[in-house]
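K.L.:
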Amino acid sequence: MCTMSFKHGTTLLMVASYAGHINCVRELVLQGADINLQKESGKTALFFAAHQDHNDVVRFLFGFGASTECRTKDGATGLFLAAQGGYLDVIRLLLSSGAKVNQPRQGGTAPLWIASQMGHSKVVRVILLHGAERDAMQNDGTTALLKAAKTRDIMML
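The sequence shown: position 93 = 93 (the UniProt record's numbering), numbered continuously.
Here is the structure:
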């Protein structure tokens with residue numbers, strides 16, 4: 001039952017992680033659910049928890065060997081999705097667990113770039129403190145600084 005999947009490879013563990021149901025996540029993992037199983041898009045349970053700001057689920061999954069290396073078909077990582085959402089606690093946990101701060105997705109969009117575009121100044125600060133490349137360019141030549149300037153948020157500049 002814990003290995004059952006739905007359309008496009010979505011598993012019960014992914015659904016429970018998305019919803020933040022830590023007790024369900026715990027039970028599924030203890031029953032043998034594969035933490036690092038990727039659905040067709042490349043997402044894992046960690047992606048769903050990180051994208052919904054479920055820090056307790058992210059922490060639990062790391063305790064059982066969740067990988068920060070998995071990527072979606074377009075190259076996004078759990079860190080990228082958390083940066084997009086502005087989820088500071090999840091980002092700190094991902095970075096302390098070995099997530100690569102400069103890992104871009106297709107097109108060259110890295111976590112710093114997306115956090116700047118979304119106006120998440122605290123996330124930008126944390127990512128920079130963890131070694132993000134300030135001048136890294138997306139394939140179209142834009143940088144995180146340019147995106148920050150367009151938000152008109154002086155704290156990010």
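Ideal Cβ positions, reconstructed from N, Cα and C, are used throughout, including at glycine.
Remember, predicted model here, so these are calculated numbers, not experimental data.
To which residues does DSSP link residue 137 through a beta bridge?
P.N.:
The partner list for residue 137 (beta bridge, DSSP) reads 143.
K.L.:
If we ignore side chains and look at the alpha-carbon of each, how far apart do residue 117 and residue 144 end up?
P.N.:
Near 7 Å, if we compare the C-alpha coordinates of residue 144 and residue 117.
K.L.:
Comparing alpha-carbon positions, which option in 79, 24, 49 lies nearest residue 105?
P.N.:
Checked all of 79, 24, 49; the closest Cα to residue 105 is 79.
K.L.:
At which residue ranges does the segment 70 to 146 contain complete alpha helix (DSSP H) runs of 4 or more residues, listed in the order of the chain?
P.N.:
Those alpha helix (DSSP H) runs which fall completely within the segment 70 to 146 and span 4+ residues are 78 to 85, 88 to 96, 111 to 118, 121 to 129.
K.L.:
Which whole-angstrom value describes the C-beta separation of residue 138 and residue 107, a residue pair presumed to lie in contact below a C-beta threshold of 8 Å?
P.N.:
With a Cβ gap of about 6 Å, residue 138 and residue 107 count as contacting.
K.L.:
Using only alpha-carbon positions, find the residue among 16, 29, 123 that is nearest to residue 63.
P.N.:
Measuring from the Cα of residue 63, the nearest candidate turns out to be 29.
K.L.:
Tell me whether residue 38 is buried or exposed, calling it buried when 16 or more other Cβ atoms sit within 10 Å of its Cβ.
P.N.:
It counts as buried.
K.L.:
Between which residues of its own chain and residue 74 is the CB-CB distance below 7 Å, once the five residues before and five after are set aside?
P.N.:
Within the same chain, residue 74 has close Cβ partners 105, 106.
K.L.:
Which residues does DSSP list as the beta-bridge partners of residue 44?
P.N.:
The partner list for residue 44 (beta bridge, DSSP) is empty, contrary to what the question assumes.
K.L.:
From residue 59 to residue 112, what distance separates their C-alpha atoms?
P.N.:
The straight-line gap from Cα to Cα measures roughly 22 Å.
K.L.:
From this set, 15, 44, 40, 49, which residue's C-alpha is nearest residue 8's C-alpha?
P.N.:
For the residues 15, 44, 40, 49, the minimum Cα distance to residue 8 belongs to 40.
K.L.:
Between which two residues does the alpha helix (DSSP H) holding residue 22 run?
P.N.:
Residue 22 -> alpha helix (DSSP H) spans 22 to 30.
K.L.:
Would the beta-carbon of residue 35 fall within 7 Å of that of residue 83?
P.N.:
Not closer than 7 Å, so no.
K.L.:
Just the Cα atoms here: how many angstroms apart are residue 146 and residue 140?
P.N.:
Spanning the two alpha carbons is a distance of roughly 12 Å.
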